[in-house]
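The block underneath contains the structure these notes are about, expressed in structure tokens.
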DNA sequence: ACCCTACGTGTCATTTTTGACATGTCAATC
DNA sequence: GATTGACATGTCAAAAATGACACGTAGGGT
């Protein structure tokens, strides 16, 4: 149950609306690499956090839009979550990686086809992330965009690792095909 | 809902028991990097797969242990899942990465402390994976251990990416601290 | 003026996952 | 011979996530 912490983290850098939070977690780098969630989980969770006093309502905007900000209690909760508990066994769901592992059940030619597709995909994604990264200057830890900067940088590196792994796997499969 | 596919994938390389499957998904490389699950989800899911005829029961062993094997139908299901649907927006939950992103809410010194802890952790994990990897020879795609080999190789690379990202982040934070 | 799209927030039933509890077996150590 | 720990499989209530549905608004283009 890390969704509340993801929301607190996003709100810790700057106040946002439920819509913006949902978008980041559904399509943005944070959703892609760390914790994906749809708006149907976000809105109820925001109300729970509001009830616990970990976030505060900052009034209405244009279309019933409500902006939330983290409270001191919320910040304390987040900090203790980060500092206190150890780097133990954590929740993990990574569908793309699962699919890559499963590739060994296909015959080598098909597996290679899929791996090439994966490479194209991470290349496109990495290019987009690089563009995003270029927009943040060297604003890293505080500043309203430090969060996105860290995420984009991680994304580029994670994609690169996948890319190189896929190339390695293609090589292995090719080798296996020619030496039966 | 990729758990059934994870199980089919594991069973595609060699028959296993629910206990072995649970262990791999709870503590092994597949669980760590691709899809974590406890035995409480695995056993019911196995019975569902059995009901659908995607896996078959291969009789009992020592302590009521039951070994399952993938069926032809199961293999077809798995292959079409891998080949047919596109590399679209997928499920993603990665608690360690989420925590790293959130680090920007701590003050730089605390963030650096946590990052060093992360580095130690991935180093230890990578060392273990390298040991595991060494045990599989160059048996890659078929063979009973191709699966684990792919997973271990990916794990080493993913850990390496995290390691380098953490080093980069420490550098950024240090820079920020000295230039206020 | 009209239409379309993105904005914006929500509910609710169904499906999935988690965590606590339950139960028994085999092998090795003391 | 007793105890301990890993092996082995399950149930069930509670919590969380998903997907379908629902409703209204502001702005841009034609």
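Residue numbers (my numbering), protein chains in the order written: chain U, 1 to 180; chain F, 1 to 180. Note that CB positions come from ideal geometry on N, CA and C, so glycine has one too.
Query	Result
8 Å CB neighbourhood of residue 104 of chain U in its chain, flanking five on each side removed	111
Span of the beta strand (DSSP E), counted from its first residue to its last, around residue 92 of chain U	92 to 94
Option nearest residue 8 of chain F by Cα separation, candidates F:56, F:122, F:107, F:100	F:56
Minimum Cβ-Cβ distance from residue 47 of chain F to chain U less than 8 Å	no
Residue 42 of chain F vs residue 25 of chain F beta-carbon contact at 8 Å	yes
Beta carbon of residue 94 of chain U nearer than 8 Å to that of residue 83 of chain F	no
9 Å Cβ cut-off: residues of chain F touching residue 209 of chain U	Because chain U is modelled from 1 through 180, residue 209 of chain U falls outside the range shown and cannot be assessed.
Distance, residue 119 of chain U Cα to residue 160 of chain U Cα	9 Å
Unbroken alpha helix (DSSP H) run spanning residue 76 of chain U, endpoints	72 to 83
Residue closest to residue 174 of chain F, alpha-carbon to alpha-carbon, out of F:109, F:134, F:116	F:109
CB contact flag (residue 151 of chain U, residue 29 of chain U, <8 Å)	yes
Delimiting residues of the alpha helix (DSSP H) encompassing residue 20 of chain U	18 to 26
Per-residue DSSP class, three states only, for residue 107 of chain U	coil
Alpha-carbon to alpha-carbon, residue 39 of chain F and residue 143 of chain F	For residue 143 of chain F, the predicted structure reports a pLDDT of 49, less than 50, and the residue's modelled location is therefore unreliable. The matter cannot be settled from this model.
Residues that residue 1 of chain F contacts on chain U, provided the C-beta gap is smaller than 8 Å	Residues of chain U passing the Cβ test: none, with the nearest at roughly 10 Å.
Beta-carbon proximity of residue 37 of chain F to residue 3 of chain F, cut-off 8 Å	yes
C-beta atoms of residue 153 of chain F and residue 81 of chain U nearer than 8 Å	no
Alpha carbon of residue 127 of chain U to alpha carbon of residue 134 of chain U, nearest angstrom	11 Å
Range of the contiguous alpha helix (DSSP H) that encloses residue 45 of chain F	39 to 52
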